[in-house]
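Numbering follows numbering that gives the first Met the number 0, in which position 129 of the sequence shown is assigned residue number 128; successive positions increment by one, without gaps. All C-beta atoms in this analysis are idealised placements derived from N, C-alpha and C, irrespective of residue type, glycine included. On a predicted model such as this, the values are computed, not experimentally measured, just so you know. Inspection log for the structure reproduced underneath, given as structure tokens.
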Amino acid sequence: MEIKKAEFTLSAPMESMCPKDTKPEYAFIGRSNVGKSSLINMLTGKKNLAKTSATPGKTLLINHFIINNEWYLVDLPGYGFAKRSKKEVQKLEQMINGYILQREQLVNVFLLIDIRLEAQKIDLEFMEWMGTSSVPFAIIFTKADKLSASKVLQNLNAYKKVLSETWEELPPIFVTSSEKKQGRDEVLDYIEQINKG
Ligand code: GDP
0 MEIKKAEFTL SAPMESMCPK DTKPEYAFIG RSNVGKSSLI NMLTGKKNLA KTSATPGKTL
60 LINHFIINNE WYLVDLPGYG FAKRSKKEVQ KLEQMINGYI LQREQLVNVF LLIDIRLEAQ
120 KIDLEFMEWM GTSSVPFAII FTKADKLSAS KVLQNLNAYK KVLSETWEEL PPIFVTSSEK
180 KQGRDEVLDY IEQINKG
């Protein structure tokens, strides 16, 4: 898919305040610092579309971006950030879960995972929750340029092994690097294929 236009639409604190039209939505989520903003900027080809999360105390909101006037790319707040209060974590969970469960036009959730790390409990639990809630999702591994090709493959296989303990069928998996623009066509083509129906 060619990205002809990518523009910020709005930020909302809850699902009911998200855009009212019914264009298909693809949401991106992952642990803080996983490389979500970099990936969104890489996919859309716009350097500063998604703000990188280095900013402390960044407001936690659901961000909508309209792509080619056809579909929404939705930037969900990062989870698993150690320096958050219990109340903040609860609020965040409510926002994310509410959006994912209530949003009828949500087509697919892309869960971002740092290819360098072992499978994290918080991500595995999040996938299980999506599974039991029948939310379609795919995995995007990030920061592949930080490892050698053979180490990427090794980590990928180790992750698949962990997944296969829970899942009979593995979700679609993409390996990306925002630095090297790796995986861009694969992710965008996947979205295009679904949009075409
Ligand atoms: P977010 O918190 O998930 O939005 O993560 P960011 O996009 O802000 O990225 C977190 C850090 O990882 C930043 O320092 C980025 O420069 C770095 N980063 C993100 N993606 C990549 C990548 O593909 N390759 C490399 N080498 N660094 C990356």
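Phe109, enclosing beta strand (DSSP E) - first and last residue: Stepping through the sequence shown from its first residue, residue 109 is reached at position 110. That run of the beta strand (DSSP E) goes 105 to 113.
Examine the ligand GDP and report whether any of its heavy atoms sits within less than 8 Å of the Cβ of Ile82. What you label residue 82 is simply residue 83 of the sequence shown in a count that begins at 1. The identity of residue 82 in the sequence shown is Lys, whereas the question assumes Ile. No, since every heavy atom of the ligand GDP falls outside the 8 Å radius drawn around the Cβ of Lys82.
Would you mind stating whether Ala49 and Asn40 have Cβ atoms separated by less than 9 Å? Along the sequence shown, one-based indexing puts residue 49 at 50. Along the sequence shown, one-based indexing puts residue 40 at 41. Result yes, Cβ atoms of Ala49 and Asn40 sit closer than 9 Å.
Between Thr131 and the ligand GDP, is there a pair consisting of the residue's CB and a ligand heavy atom that are separated by less than 8 Å? Translated into the one-based positions of the sequence shown, residue 131 becomes position 132. False, no ligand heavy atom lies under 8 Å from that Cβ.
C-alpha gap between Met16 and Gln153, whole angstroms: Looking up residue 16 in the sequence shown gives position 17. Looking up residue 153 in the sequence shown gives position 154. Taking the straight line from one Cα to the other gives about 43 Å.
Alpha carbon of Tyr158 to alpha carbon of Leu38, nearest angstrom: Locating residue 158 in the sequence shown gives position 159, counting from the first residue. Locating residue 38 in the sequence shown gives position 39, counting from the first residue. Rounded to whole angstroms, the separation of the alpha carbons of Leu38 and Tyr158 is 20 Å.
Taking DSSP as the reference, what is the three-state secondary structure of Pro55? By one-based count along the sequence shown, residue 55 stands at place 56. Below a pLDDT of 50, predicted positions are generally treated as unreliable, and Pro55, at 47, falls in that range; the measurement from the model is reported next regardless. In the three-state DSSP reduction, Pro55 falls in the coil class, being neither helix nor strand.
For the beta strand (DSSP E) containing Leu72, name the first residue and the last one. Indexing the sequence shown from 1 puts residue 72 at position 73. Per DSSP, Leu72 belongs to the beta strand (DSSP E) from 70 to 74.
Is Leu9 buried or exposed, if buried means 16 or more other CB atoms sit within 10 Å of its CB? The sequence position of residue 9 within the sequence shown is 10, counting from 1. If you draw a 10 Å sphere on the C-beta of Leu9, you find fewer than 16 other C-beta atoms in it, and that means exposed.
Could you tell me whether any non-hydrogen atom of the ligand GDP is closer than 8 Å to the CB of Asn32? On the sequence shown, residue 32 is found 33 positions in, with the first residue counted as 1. Yes; taking the cut-off as 8 Å, the Cβ of Asn32 has a heavy atom of the ligand GDP nearer than that.
Is any heavy atom of the ligand GDP found at a distance shorter than 8 Å from the C-beta of Ser10? Working through the sequence shown from its first residue, we reach residue 10 at position 11. Every heavy atom of the ligand GDP is 8 Å or more from the Cβ of Ser10, so no.
Tell me which residues share the same chain as Ile190 and place their Cβ nearer than 6 Å to its Cβ, disregarding the 5 neighbours each side in the sequence. Taking the sequence shown and counting its residues from 1, the one referred to as residue 190 is at position 191. Tyr25.
Contact defined as beta carbons within less than 8 Å: I believe Thr141 pairs with Asp113. What is the distance between those atoms, to the nearest angstrom? Numbered from 1 along the sequence shown, position 142 holds the residue referred to as residue 141. Numbered from 1 along the sequence shown, position 114 holds the residue referred to as residue 113. So it is a contact: roughly 6 Å between Cβ atoms.
Helix, strand or coil: how does DSSP classify Gln119 here? Mapped onto the sequence shown, residue 119 falls at position 120. Gln119 sits in coil when the DSSP states are folded into three classes, being neither helix nor strand.
Count the other CB atoms within 10 Å of the CB of Lys35; is the residue buried (16 or more) or exposed (fewer)? In the sequence shown, the residue the question calls residue 35 occupies position 36. Residue environment: Lys35 is assigned as buried (16 or more neighbouring CB atoms within 10 Å of its CB, all protein chains considered).
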